[in-house]
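Numbering (our numbering), first residue to last: 1 to 1130.
Each remark here refers to the structure printed beneath this line.
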């Protein structure tokens, strides 16, 4: 039968049901075998209509089809037999034994004998395994639970347990639309035609009464007249109301379904394993079953969902109150693990025992070794993964029961055990939210170490709270929740006040995914009927109504750069899908392959590095390259993983937390992750913790473990001003060296080439000087812009000596050009290009670069070097470029007339012009957490702009040394710290760390009057170090936590003797995007050098201890002078 014929049967079933032809409906269900009506089946079982039960089942399966079917029929016939015995109707019992149960003796003769022996007992409850058999009604209910599991697990019922989602009276609507079409084809259409029959095509008679020929049989029919429609049959007209206008990012989702084919399973067996769903994003849990779109709440289902172990055996085994029956098991195949790319976390570095089964995990956004865990019994655990220490363990407790709703109080009395469905950190790590399976959301504030405080408790939903997320609509931090009550709600994160309630889903809402794009903030939501909807913060209803592949448990997530949208879903019969969406069309762009044929649980997924997708499936972690639908590799984590493990990457993708059996969490790491964790391996278990706001103790810990200062996330800079809200708990490392008072810290001086790894990149094309320098985001190339407007690109090749293909000072790269031999050359200033201010910005995927050298701004293709576009001819000329972090089509352009233009590349339009500086713009940096743009200028002024309306929030003039006029032109650069809340300020006279919201200087390092000025500086990729270059060719490495000098690279270490005393010096400095100890400098002679510490050291010096210099917080009135300990001597 064709698919359309099958759909017609469903339309007929809907029609018969609406017209109350109940017996005919079930007869057609059974004869067609298309839809198994679980509600009807339950009613017949409860009523004990055993003949009808078996007759209905026979339309879908036979006794000997498979082991599931065999056990279904056995349970039914066994219940018939026990009921006959309970009524002391032995003749009936014997008849059932001989006619119905004897068929099973060939599979289990011992079981049949045991059943037969029940005839000899006065009361079959004397049998130990049947001693808890109650009355008939309760026994049928218990059996029905088992039958439903078996039916849902039986592959023969796949796609047959859920009726398609149809509009009411769909068949009538189609007939109505057909009659409308026929009427429009009439030669003489009449208004208000009288439809008397459906047996023949409709046609309005001609005026003289003669019957017009049927338009269907008249091939010569001309143009169709625009006749008025006829009255609809009933209330079901064919025309739908016009949809409201939809913002551009969502417009594509309103279009017709995807033309890209992808599997969409209507229904099927519930997940066999314990609850499991994407972390990352989303919470792991097994949703309610879905018979006839009836969604019970978590109140009635949570206990069975929480306690059911993974694996098939539990689903097909008899309950403890029933006679056991064993059938041959099925071997479980497991794909072998392939060789994984080096940047994937594949090494099991830590194994943590939580004590109860992890349901959701999330790494801290700043301190990336801090792991938050929520479990199936409501516990919350906070782990320092590096030291393997559980900092906090909290059990579930309602903070104020008197403020809880009566349904919640009743639910907690009935079943006090509550599961965590989702845990998640706020963007800055100062708060985290917990969504529970009973009504409640709890928010905690986190102050570092073990300091976790109650912040808000919200009775958010009726039933389970299925997901929670943070968002910042209108610059205000909000909490978004969804639940079994089919709603999405938005709450003020500070006060708990409800801001919005979104209604429109027809099933429990399973997940939410807030996002921000093109100045539009919106929320995607998914429900258990497979519907995807999108909402703006305007209470105007859903902008999207779309079906997700799998049509059951679906979660959505963006890539880290916010440019690509993915979803992961599992159908009720265990078929799983990961797809990428084309947002502009609302269609599936690609469907990734490689899932186990039948996933044992709801698969969850996560994204990392803007490159990889990962999912827990088939007792392993599976990885895909985002640009390739084929499975990249599978890793089993040394075995012991759950069937569908929960997973979560840290922000940088260097660590991956995975749930295992026996309440274990395995933390897997790549090389970066191993270095990050290595800093904690020598921490003494007896070490005492310093006061949370003690910067001195933090610096002491850093001094005795330089790797900690290099790889672990920086101590929150807010703590330097006495505010320890985000301060992490730092354990001092007690080592022999730190206890030996005779060993005094000493600045690391690199003066010889042998003391570091340095490489001057090969030069096929000589240029005068390097004006701008950057590593590509992939880390395998360096891009430079020379003062003569020419771009230079060096690429490292993957080979036996460099398996990763990443940049390294140990092997020279190739200066790369396309086969055409063309150069990327900017439109230069007409007068003197050497005097122009060059600038460029690289796209997140390294595919194109935006650049200017005093003339027009050019957009280049990085593969072909071709100019894709030029725009904005001077005057004014562009002096700095920065891509918007969430939309590559928006760029901020600093101008030499002191303005900043916010330009939309796609529509070639300036959206805003920002005025606040008095000289040319020399620095721009976006914070995607605070939604601000920080600008700096040659006027030494800092400005903070809101990116929603582009208003100036505050500004401050950089304090300059005495004797230096503020009018002296000098570039001021800005760069955000990894926490996106603090930023580095670079001026020729100083380095400084500023807090963004108050624009307050937290730390400053001034240059002595007699010392050479700073030419450039940058954070390392992990923001633990600051690399600075100086006019005298010296390069200094600072610890960013306190701006204390830890290492100095002298010119003699990298410049030949002929140049050491010349005027050659670094003009720009760039940090590698993944290697914290790698940087490169661009020189005034056109050369580029790349630096790494020697392999035996692995780091740039040792951080100075706090007692070697002042360790107090902000510099209220910084002086120009500094002690000898923190000034390079040149």
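C-beta: ideal position from N, C-alpha, C; glycine also.
Just so we're clear, the structure is a prediction, and the values are computed from it rather than from any experiment.
Use the C-beta contact count for residue 962: other C-beta atoms within 10 angstroms, 16 or more gives buried, fewer gives exposed. Exposed, by the Cβ-count rule.
Comparing C-alpha positions only, which one of 1003, 1083, 1004 and 1024 sits nearest to residue 1032? The option with the nearest alpha carbon to residue 1032 is 1083.
Which residues share a DSSP beta bridge with residue 115? Residue 115 is not bridged by DSSP to any residue.
May I ask you to list the residues that DSSP assigns as paired with residue 1139? In the structure as shown, the chain begins at 1 and stops at 1130. Residue 1139 is therefore absent and cannot be evaluated.
Identify, in the order they occur along the chain, each residue of the same chain with its Cβ nearer than 6 angstroms to the Cβ of residue 666, setting aside the five sequence neighbours on each side. These residues qualify, in order along the chain: 348, 351, 637, 658 and 660.
What residues in its chain sit with their C-beta under 7 angstroms from that of residue 105, if we drop five residues either side in the sequence? Correct list, in chain order: 112.
Residue environment, residue 191, which counts as buried when at least 16 other CB atoms sit within 10 Å: Exposed, because fewer than 16 other Cβ atoms sit within 10 Å of the Cβ of residue 191.
Alpha carbon to alpha carbon, how far is residue 102 from residue 108? So the alpha carbons of these two residues sit roughly 10 angstroms apart.
Whole-angstrom distance between residue 893 and residue 1089, CA atom to CA atom: Whole-angstrom Cα-Cα distance: 29 angstroms.
Starting from the N-terminal side, write out each stretch of the beta strand (DSSP E) that is 3 residues or longer and does not extend beyond the region 177 to 203. Entirely contained in the region 177 to 203, not one beta strand (DSSP E) run reaches 3 residues.
Residue range of the beta strand (DSSP E) that residue 884 falls in? Residues 878 to 884.
At least three beta-carbon pairs within less than 8 angstroms, the region 919 to 929 to the region 853 to 862: Counting Cβ pairs under 8 angstroms, fewer than three are found: no touch.
Identity of the residue in 480, 81 and 12 nearest residue 136 by Cα: For the residues 480, 81 and 12, the minimum Cα distance to residue 136 belongs to 81.
Are the CB atoms of residue 373 and residue 380 within a distance shorter than 9 angstroms? Contact flag set, yes.
Taking its Cβ as the centre, do 16 or more other Cβ atoms sit within 10 Å of residue 454, making it buried, or is it exposed? So residue 454 ends up on the exposed side.
Report yes if the CB atom of residue 440 is closer than 9 angstroms to the CB atom of residue 432, and no otherwise. Here residue 440 is not near residue 432, since their CB atoms are 9 angstroms or more apart.
Assuming the contact rule is C-beta atoms closer than 8 angstroms, residue 1074 and residue 672 should be a hit. Round their C-beta distance to whole Å, please. That belief holds up - the Cβ atoms of residue 1074 and residue 672 are roughly 6 angstroms apart, short of 8 angstroms.
How many angstroms separate the CA atom of residue 521 from the CA atom of residue 547? Cα-Cα distance, rounded: 22 angstroms.
Find out if the Cβ-Cβ distance for the pair residue 921, residue 910 is shorter than 9 angstroms. No, these two residues do not count as a Cβ contact at 9 angstroms.
Compute the Euclidean distance between the alpha carbons of residue 223 and residue 185, then round it to the nearest angstrom. Note that residue 223 scores 35 on pLDDT, short of 50, meaning its location in the model is unreliable and no value can be drawn from it.
Hey, out of 545, 194 and 552, whose CA is closest to residue 524's CA? Here the closest residue by C-alpha is 545.
Three-state class that DSSP yields for residue 1071 in the structure shown: Correct three-state label for residue 1071: strand.
Quick test of your reading: residue 412 and residue 398, contact by CB under 8 angstroms. State the CB separation rounded to the nearest angstrom. That pair is a contact at about 7 angstroms.
Any idea which residues DSSP pairs residue 1151 with across the strands? Nothing can be reported for residue 1151: it is not among the residues displayed for the chain, which extend from 1 to 1130.
Once you ignore the five residues that flank residue 1064 on each side, which residues in its own chain have a CB closer than 7 angstroms to its CB? Correct list, in chain order: 1033, 1055, 1083, 1084 and 1085.
Mark residue 746 as exposed unless 16 or more other C-beta atoms lie within 10 angstroms of its C-beta, in which case mark it buried. Around the CB of residue 746, fewer than 16 other CB atoms lie within 10 Å, so the residue is classed as exposed.
Label residue 796 either buried or exposed according to how many other C-beta atoms from any shown protein chain fall within 10 Å of its C-beta, with 16 as the threshold for buried. With 16 or more Cβ atoms within 10 Å of its Cβ, residue 796 is classed as buried.
Mind pulling the alpha helix (DSSP H) runs of 4 or more residues that sit fully within the region 37 to 113? Fully enclosed alpha helix (DSSP H) runs of 4 or longer: 38 to 47, 50 to 58, 67 to 86 and 90 to 96.
Local conformation of residue 565 per DSSP, three classes: Residue 565 falls in the strand class under three-state DSSP.
Closest to residue 593 by C-alpha separation, out of 614, 602 and 919, would be which residue? It is 614.
Consult DSSP for residue 394 and reduce its assignment to one of helix, strand or coil. In the three-state scheme derived from DSSP, where H, G and I count as helix and E and B as strand, residue 394 is classed as strand.
Using 8 angstroms as the Cβ pair cut-off and three pairs as the minimum, do the region 85 to 100 and the region 142 to 154 touch? A contact is defined here as three or more CB-CB pairs under 8 angstroms, and the region 85 to 100 fails this definition with respect to the region 142 to 154.
From what residue to what residue does the alpha helix (DSSP H) around residue 26 run? Segment 22 to 32, the alpha helix (DSSP H) holding residue 26.
Please name the residue in 946, 771 and 935 whose C-alpha comes closest to that of residue 985. With distances taken between Cα atoms, residue 985 lies closest to 935.
Residue 499 versus residue 457: straight-line alpha-carbon distance, rounded: If I take the Cα positions, the gap works out to 16 angstroms.
Are the CB atoms of residue 569 and residue 590 within a distance shorter than 9 angstroms? Against a cut-off of 9 angstroms, the Cβ pair of residue 569 and residue 590 comes out as no contact.
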